[in-house]
Amino acid sequence: MQRRNFLKNSTKGTAGLLATPLLASCSDSKKEKTIAGEQPILKPIVICTWDFHNASAKAWEVLEKGGNALDAVEQGVMIEEADTENQTVGFGGRPDRDGKVTLDACIMDKDGNCGAVLCMQNIAHPISVARKVMEETPHVMLAGKGAEQFAYEQGFVKTNLLTEKSKKEWVEWQKTSQYEPIINIENHDTIGMLAIDANGDISGACTTSGMAYKMSGRVGDSPIIGAGLFVDNEVGGATATGVGEEVVRTVGSFLIVELMRQGKSPQEACKEGVKRIIAKNKDKQDFQIGFIAINKKGETGGYCIQPGFTYRTYSKEGHANNPSDSFIKT
Ligand code: GLY
3 MQRRNFLKNS TKGTAGLLAT PLLASCSDSK KEKTIAGEQP ILKPIVICTW DFHNASAKAW
63 EVLEKGGNAL DAVEQGVMIE EADTENQTVG FGGRPDRDGK VTLDACIMDK DGNCGAVLCM
123 QNIAHPISVA RKVMEETPHV MLAGKGAEQF AYEQGFVKTN LLTEKSKKEW VEWQKTSQYE
183 PIINIENHDT IGMLAIDANG DISGACTTSG MAYKMSGRVG DSPIIGAGLF VDNEVGGATA
243 TGVGEEVVRT VGSFLIVELM RQGKSPQEAC KEGVKRIIAK NKDKQDFQIG FIAINKKGET
303 GGYCIQPGFT YRTYSKEGHA NNPSDSFIKT
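Each position in the sequence shown, counted from 1, maps to that position plus 2 in my numbering.
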């Protein structure tokens, strides 16, 4: 199986939005010393995987105007789904080995309601279809043609998601069709986003085009509730990026939320989540996983396997691209 390694984060198209000074890391490591209950809740706040500044800025805009966390995360990740320069999410994403762009997404709200679409083609905003699945159907997941048909019924427009750039790369890739560990075929990956609104309610969203040149029909962690995303409004939320198969094997995001329920900080919980994956992969660590989490107090954390993963936070304290601590240090 091909293993991607994400060593750099992308800042493409984000410079113009840097309206306030960058903060130092918002990881809760510096807050761990505070006694529970003494620290005021930091809300509203949004956190997302990687340096998706435009997406977090959009979510913040929604929250700042008094919008709810569900709208914030949906509208936030839609920015990346629409960005054709981003080849790991939505429109412009890299295709599978047959040249088809297939998208995965899920969304979860404060009441534990959730919706997901898996391996869906021709629809530019899978997160919004996932929300429709949550709100308009008795189901949680719709896959493939069924998801696409449902999207049309809901008024979504058919869109060719394969851009010339991604097509060219795919044609080039076909010359070897090698599907094995290649360092850095992408700079960043899935966007997972978590938000707490002014009411203190939490929602999350996760969306991706998945592993480039994957087998037809392959689905990763991102649309799987509990793996790529989990929210419990009493505790917090977690979301993941990286090689989805490994996140699924540990039910990573659910694990992290449960660890927070048991008293771990978001930072500690993310670290433990990564350690569980490492324990299952003692002989091969040439892949990347990044987890981020937020708890009910608005404390955040992130942890990954390879150095280079970052996560963005946006609150009234400002916004920051936070370097994540990693299991492998160099
Ligand atoms: N984390 C994205 C995927 O594995 O598809």
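Backbone N, C-alpha and C fix where the C-beta goes; we use that ideal spot for every residue, glycine too.
All values derive from a computational prediction rather than experimental measurement.
Q: Look up V48 in the DSSP assignment and say whether it is helix, strand or coil.
A: strand
Q. Excluding five sequence neighbours on each side, which residues of the same chain lie with their C-beta closer than 6 angstroms to the C-beta of I81?
A. Scanning its chain for C-beta atoms nearer than 6 angstroms, with the 5 sequence neighbours on each side dropped, one finds around I81 the residues N56, A57, K60, in chain order.
Q: May I ask whether a heavy atom of the ligand GLY can be found less than 7 angstroms away from the beta carbon of T210?
A: yes
Q: Could you say which of M195, D203, V245, G202 lies nearest to K216 if we only look at CA atoms?
A: Scanning M195, D203, V245, G202 for the CA closest to the CA of K216 turns up V245.
Q) Secondary structure at L19, three-state DSSP: helix, strand or coil? A) Summary for L19: the model assigns pLDDT 33, below 50, so the residue's position carries little reliability, and this model does not support an answer.
Q) How would you call R6, buried or exposed, if buried means at least 16 neighbouring beta carbons within 10 angstroms? A) Low local confidence applies: a pLDDT of 37 at R6 is under 50, so the model's placement there is unreliable, and no value is given.
Q) At which residues does the beta strand (DSSP E) containing A322 begin and terminate? A) 320-325
Q. Do you know how far the Cα of Q41 is from the Cα of M122?
A. A straight-line Cα-Cα distance of about 43 angstroms links M122 and Q41.
**Q.** Sequence-distant residues of the same chain with beta carbon closer than 6 angstroms to F152, five excluded per side
**A.** L144
**Q.** Distance CB(I129)-CB(Y313) smaller than 8 angstroms
**A.** no
Q: Compute every distance between the C-beta of G320 and the non-hydrogen atoms of the ligand GLY, then say whether any falls below 7 angstroms.
A: No, the Cβ of G320 stays beyond 7 angstroms of every heavy atom of the ligand GLY.
(Q) Judging by CA-CA distance, which residue of I279, D100, R263, E150 is the nearest neighbour of S2? (A) Shown here, the chain extends from 3 to 332; a query on residue 2 therefore has no answer.
Q.
Helix, strand or coil, according to DSSP, for L196 in the structure here?
A. strand
**Q.** First and last residue of the uninterrupted beta strand (DSSP E) at D106
**A.** 105-110
**Q.** Status (buried if at least 16 other CB within 10 Å, exposed otherwise) for R321
**A.** In the sequence as presented, Arg is not what sits at residue 321; that position holds His. H321 sits buried, since 16 or more C-beta atoms from the chains shown fall within 10 Å of its C-beta.
**Q.** Inter-residue Cα distance where the pair is V221 and R251
**A.** 13 angstroms
Q: Could you pull out every unbroken beta strand (DSSP E) segment of at least 3 residues lying fully inside the region 116-185, listed in chain order?
A: Taking only runs of at least 3 residues, the beta strand (DSSP E) segments lying wholly in the region 116-185 are 116-122, 143-145.
Q | Short Cβ contact (8 angstroms threshold) for A240 with V259 | A | Yes; because the gap between Cβ atoms is below 8 angstroms, this pair is in contact.
Q) Would you report the Cα separation of E66 and S205, rounded to the nearest angstrom? A) As the crow flies, the alpha-carbon of E66 is around 15 angstroms from that of S205.
**Q.** Per DSSP, cross-strand counterpart(s) of C272
**A.** Bridge partners of C272: none, in fact.
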